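When we follow my numbering, the leftmost residue of the sequence shown carries the number 1, and every step to the right adds one.
We put the beta carbon where it would ideally sit given N, CA and C, even for glycine.
Computed from a predicted model, the values in this text were never measured in an experiment.
See below for the structure under consideration.
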Amino acid sequence: MTTRRTNPKVDAVIVGFGWAGSLMAAELSRANMNVVAIDRGPWRDTFPDTPLTADPDELRWKTRRELLAPPHDTTLTMRNTLDQTAVPQRDFGISELGGGVGGQGFQWAGMAWRFNPWDFRVRSETIQRYGMARAEDGELQLQDWGITYAELEPDYDRWEQIAGVAGQAGNLRGKLTSRGNPFEGPRSREYPTPKLKTLRMMEIFNKATSEMGLHPFTIPCANVSQAYVNPLGVTMAPCTYCGFCSSYGCGNYSKASPQTCVFPALLNNNPNFRLITNACVTRVNKAADGKSVTGVTYIDQNGSEVLQPADIICLTAFQMENVRLMLLSGIGKPYDPLTSEGVVGRNFSFQTVSGADLWFEEDHINPFIGAGGLGSQIDDYNSDNFDHSSLDFIGGAGILTLSRDGTPIANANKLPPGTPRWGSGFKRAYSNYYQNYGVLFNQGTSMPIKRGYLDLDPTYKDPFGLPLLRLTYDYARNDRAMATFTMNRAIQIGKRMGASQFSAFNFAEKPFTTAIGASNHTIGGAVMGADPTSSAVNSYLQSWDCHNVFVVGASAFPNNGGYNPTGTVGALALRAARAICGNYARKPGALQKG
């Protein structure tokens with residue numbers, strides 16, 4: 001790095017410009033705050049990056065992953081246990097971070113979930129229903145979020161309105177309906193756009209699970225089903241079911257993303273907002289008293305070190321980078337896995353995945369028709385929706401089938417066991433089973449363990465000479481048992497669906513590794529709660545240690561639900577922004593007492 005300079009002071013700095021960062025920037029600048037957002041990646045937008053003529057390019061986006069940040073920018077080290085030496089990850093694996101502004105929100109699949117009310121009070125609910133011994137089994141480290149579903153519901157609703165989520169309510173103001181998910185928490189109003197179409201794989205799944213006495217519903221999806229104008233005044237076009245969603249942009253302006261839903265309103269003649277791209281924040285600068293911060297330091301695209309003073313710092317980067325910046329900046333006490341003391345790095349968890357690949361005969365699944373989050377799901381075996389009294393685990397999984405893409409390169413691997421991998425036998429099988437393949441995917445809860453955590457690696461450093469983040473983690477015994485249970489349920493459903501062949505999978509049956517991308521839903525490390533001895537931030541995502549730092553993202557989740565995290569990240573960002581604009585800006589200081 002070369003010269004150091006100091007920018008003019010602003011009211012708020014946003015570090016990371018994905019869903020959380022763009023929502024925070026929009027809300028704060030709308031409240032007449034001067035806001036600067038800093039993102040490590042370049043500028044990226046639907047046009048000119050992924051217009052309709054370039055978006056359906058499987059080789060470029062899905063295979064070569066050109067929309068993702070390269071591994072050398074996202075490297076962490078990993079080990080399963082304390083007695084192992086962590087080594088750097090060398091490929092994407094679980095770290096599929098967005099490579100430009102918008103973050104993962106630009107190329108995400110689009111499943112737009114709310115967490116179950118049970119997920120927010122997992123410790124209290126487990127003790128109440130099953131007793132203290134189940135909550136404290138010697139390995140798990142359960143804790144409540146310090147907030148309830150009911151308290152977050154207005155922010156869930158606003159995020160869904162901004163994203164134009166397509167869906168069908170199953171619990172509308174406490175009244176259950178047969179058309180949506182009967183296990184969801186009460187909603188204050190319907191989804192902003194109607195649910196997407198029911199495609200062939202969904203039909204087969206819906207029929208089979210209904211006959212089994214289960215409750216299928218269409219997954220809420222951030223692809224608008226009809227023309228829509230969101231509360232920020234941004235227009236979206238109806239989904240055309242092209243199937244190029246997950247790992248792609250959306251040239252049709254149908255899939256919700258920061259680019260589609262927030263950027264036009266935020267960036268259009270807004271004198272209160274400035275965006276700095278290709279700049280890496282290396283630390284948050286603490287004040288002399290150690291109880292507040294004065295700004296951030298970043299390295300710009302020319303290699304110069306720059307100071308950006310601000311009254312409020314919002315860390316809205318990827319989950320792991322939020323935690324790393326707190327550790328590098330000395331904000332909060334690092335977690336000690338031997339004593340369970342400390343808060344920063346605590347309660348890393350993942351997503352516990354199992355399921356089954358299915359192959360049918362003489363059907364017409366038409367996999368090339370779909371959308372990233374489109375599918376059917378049952379929540380009968382999710383969260384605490386079923387009795388665990390006789391089981392050796394808590395939690396569960398949403399069991400779903402997908403109707404989202406028929407990409408020919410990726411699907412060439414989706415053939416029954418024993419199929420030749422090349423030659424005429426491979427060609428015959430692929431010509432048949434391309435049309436007749438489906439999957440049952442169990443997206444499971446993940447419970448934190450005492451020895452699952454994040455800290456700074458003592459050996460490996462990044463190009464700026466700063467320690468890499470180190471992950472120590474393996475699946476909990478609880479999660480392994482849950483994955484096996486739900487895998488067996490998937491096999492039962494697959495047989496009822498009439499699959500001629502199936503191949504079950506369970507990612508939790510082997511040691512956890514960052515190399516296999518079973519999911520990219522990494523959770524925790526700067527968790528929220530009501531007790532500063534076990535949480536890094538309060539229910540408004542405000543640091544207990546430095547009152548003008550807000551840490552926003554999946555880093556705040558004390559545990560993972562059986563759902564994608566994006567909707568909850570968006571809701572928590574909007575809640576934090578409301579607290580800053582409505583309370584903190586008028587009277588800076590702690591918003592909650594610990």
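Helix or strand or just coil, what does DSSP make of residue i?
i: residue 505; result: strand
i: residue 581; result: helix
i: residue 273; result: strand
i: residue 206; result: helix
i: residue 601; result: Limits of the chain in this structure are 1 at one end and 594 at the other, which puts residue 601 out of reach.
i: residue 114; result: coil
i: residue 553; result: coil
i: residue 141; result: coil
i: residue 478; result: helix
i: residue 493; result: helix
i: residue 601; result: For residue 601 there is no data in the structure shown, the boundaries of the chain being 1 and 594.
i: residue 4; result: strand
i: residue 62; result: helix
i: residue 411; result: helix
i: residue 465; result: coil
i: residue 232; result: coil
i: residue 90; result: coil
i: residue 167; result: strand
i: residue 97; result: coil
i: residue 127; result: helix
i: residue 382; result: coil
i: residue 11; result: strand
i: residue 568; result: helix
i: residue 528; result: strand
i: residue 158; result: helix
i: residue 460; result: strand
i: residue 586; result: coil
i: residue 593; result: coil
In the DSSP assignment, what are the bridge partners of residue i?
i: residue 447; result: For residue 447, which the question treats as bridged, DSSP gives no partner whatsoever.
i: residue 375; result: 402
i: residue 472; result: 79, 453
i: residue 542; result: 550
i: residue 242; result: 370
i: residue 523; result: 349
i: residue 560; result: 446
i: residue 438; result: 358
i: residue 121; result: In DSSP, residue 121 forms no bridge with anything.
i: residue 397; result: 444
i: residue 194; result: 167
Are the CB atoms of residue j and residue i within a distance shorter than 8 Å?
i: residue 401; j: residue 205; result: yes
i: residue 320; j: residue 522; result: yes
i: residue 541; j: residue 556; result: yes
i: residue 254; j: residue 224; result: yes
i: residue 630; j: residue 297; result: Because the chain here runs from 1 to 594, residue 630 falls outside it and cannot be looked at.
i: residue 185; j: residue 130; result: no
i: residue 546; j: residue 292; result: yes
i: residue 583; j: residue 572; result: no
i: residue 243; j: residue 368; result: yes
i: residue 151; j: residue 449; result: no
i: residue 504; j: residue 356; result: yes
i: residue 553; j: residue 159; result: no
i: residue 358; j: residue 440; result: yes
i: residue 299; j: residue 15; result: no
i: residue 30; j: residue 101; result: no
i: residue 513; j: residue 19; result: no
i: residue 323; j: residue 295; result: no
i: residue 218; j: residue 143; result: no
i: residue 17; j: residue 568; result: no
i: residue 120; j: residue 145; result: yes
Below 8 Å, can you find three or more Cβ-Cβ pairs linking the stretch 119–134 to the stretch 234–252? Touching, no.
Take every Cβ of the stretch 525–535, pair it with every Cβ of the stretch 60–75, and state whether three or more of those distances are shorter than 8 Å. no
Which complete alpha helix (DSSP H) runs does the stretch 281–358 hold, if anything under 4 residues is left out? 319–329
Would you call the stretch 351–364 in contact with the stretch 429–440, where contact means no fewer than 3 C-beta pairs closer than 8 Å? yes
Between the stretch 483–495 and the stretch 186–203, can you find at least three pairs of beta-carbon atoms closer than 8 Å? no
Touch test, the stretch 26–41 against the stretch 55–67, Cβ-Cβ under 8 Å, three pairs minimum: no
Is the stretch 335–351 touching the stretch 174–191, taking contact as three or more C-beta pairs under 8 Å? Judged by pairs of C-beta atoms under 8 Å, the stretch 335–351 does not touch the stretch 174–191, as fewer than three such pairs exist.
The stretch 442–455 in contact with the stretch 552–572 per 3-pair CB rule at 8 Å: yes
Tell me, please, whether the stretch 214–223 touches the stretch 97–115 by the rule of three or more beta-carbon pairs shorter than 8 Å. Remark: three or more beta-carbon pairs, one from each stretch, lie closer than 8 Å, so the stretch 214–223 and the stretch 97–115 are flagged as touching.
For the stretch 22–37 and the stretch 264–274, state whether three or more C-beta atom pairs, one from each stretch, are separated by less than 8 Å. yes
Jot down the residue ranges of each uninterrupted alpha helix (DSSP H) in the stretch 8–51, minimum 4 residues, whole runs only, in chain order. 19–30, 46–49
State whether the stretch 472–479 contacts the stretch 451–463, with contact taken as three or more CB pairs (one from each stretch) at a distance under 8 Å. yes
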